[in-house]
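*Asks:*
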Amino acid sequence: MADLYELQLTLDLPSSLPPQDLALLRWHLGEEGGRQDDGYAYPLWTDRGPALRIGGALVGELRSDGPQWALSVRQETHPDEFDDLRRMVVWLGARTTTVGTVGYLRFYESHVPDVLVAEAGTVRRAVLRAEKVLESATEVIPDPYA
Numbered sequence: 000m001a002d003l004y005e006l007q008l009t010l011d012l013p014s015s016l017p018p019q020d021l022a023l024l025r026w027h028l029g030e031e032g033g034r035q036d037d038g039y040a041y042p043l044w045t046d047r048g049p050a051l052r053i054g055g056a057l058v059g060e061l062r063s064d065g066p067q068w069a070l071s072v073r074q075e076t077h078p079d080e081f082d083d084l085r086r087m088v089v090w091l092g093a094r095t096t097t098v099g100t101v102g103y104l105r106f107y108e109s110h111v112p113d114v115l116v117a118e119a120g121t122v123r124r125a126v127l128r129a130e131k132v133l134e135s136a137t138e139v140i141p142d143p144y145a
């Protein structure tokens with residue numbers, strides 16, 4: 000269990016997403032109406048409830064607000080799953096309407112994640128470097144009235 004990573008994804012997808020693409024996403028999320036496709040051995044994002052190592056809750060949601068689909072995923076993942084995970088994130092990157100940060104991957108003992116950035120139809124990894132360590136949340140989240 001010591002090789003766990005936290006994966007978080009939050010991105011939008013067009014309302015014109017083909018039914019087979021929606022079915023694949025639903026399958027990975029463990030939703031009814033989803034079906035396996037493209038050679039994945041098992042769904043990637045079906046876990047729900049308390050996380051084992053990363054704290055917080057494991058989630059996976061796909062919702063439509065009309066003009067687009069919203070995908071949010073927070074899961075624990077193991078390096079053995081990285082090939083399928085990489086393939087799925089690349090697949091999402093080619094379809095997302097979101098430009099900019101779409102999530103991160105963080106080793107469970109690390110304080111700084113690798114950020115996933117969508118641009119030009121792909122997702123790249125941005126490695127952050129902590130230049131300044133802030134001592135409290137009040138330094139991270141500014142008081143707009145101060």
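Counting in numbering that gives the first Met the number 0, the sequence shown runs from 0 upward without gaps.
No residue lacks a Cβ here, since even glycine has one placed at the ideal position from N, Cα and C.
1) Can you tell me where the beta strand (DSSP E) with Arg62 in it begins and where it stops?
2) Could you name the residues of the same chain whose beta carbon sits closer than 8 Å to that of Arg94, not counting the 5 residues immediately before and after it, in chain order?
3) Quick one: give me the first and last residue of the beta strand (DSSP E) that Ala125 is part of.
4) Is it true that the stretch 109-128 meets the stretch 41-53, where meeting means three or more beta-carbon pairs spaced less than 8 Å apart?
5) Could you tell me which residues DSSP pairs with Phe156 in its beta bridges?
6) Return the CA-CA distance between Glu118 and Ala50, expressed in angstroms with no decimal places.
7) Look at Tyr103 and Leu6 and say whether their C-beta atoms are less than 9 Å apart.
8) For Met0, count the other beta carbons within 10 Å of its own beta carbon; 16 or more makes it buried, fewer makes it exposed. Which is it?
9) Let me know if Arg62 comes out buried or exposed under the rule of 16 or more other beta-carbons within 10 Å of its beta-carbon.
10) For Glu60, which residues of its own chain have a beta-carbon under 6 Å away from its beta-carbon, when the five flanking residues on both sides are left out?
*Replies:* Answer, in terms of the structure:
1) Ala56 to Ser63
2) Leu12, Pro13, Leu16 and Asp20
3) Thr121 to Val126
4) no
5) As displayed, the chain neither begins before 0 nor continues past 145, which places residue 156 out of reach and without an answer.
6) 30 Å
7) yes
8) Here Met0 scores only 49 on pLDDT, less than 50, and its place in the model should not be relied on; the value that follows carries that caveat. Per the 10 Å Cβ criterion, exposed.
9) exposed
10) For Glu60, where only same-chain residues beyond five positions count, the Cβ hits under 6 Å are Ser71.
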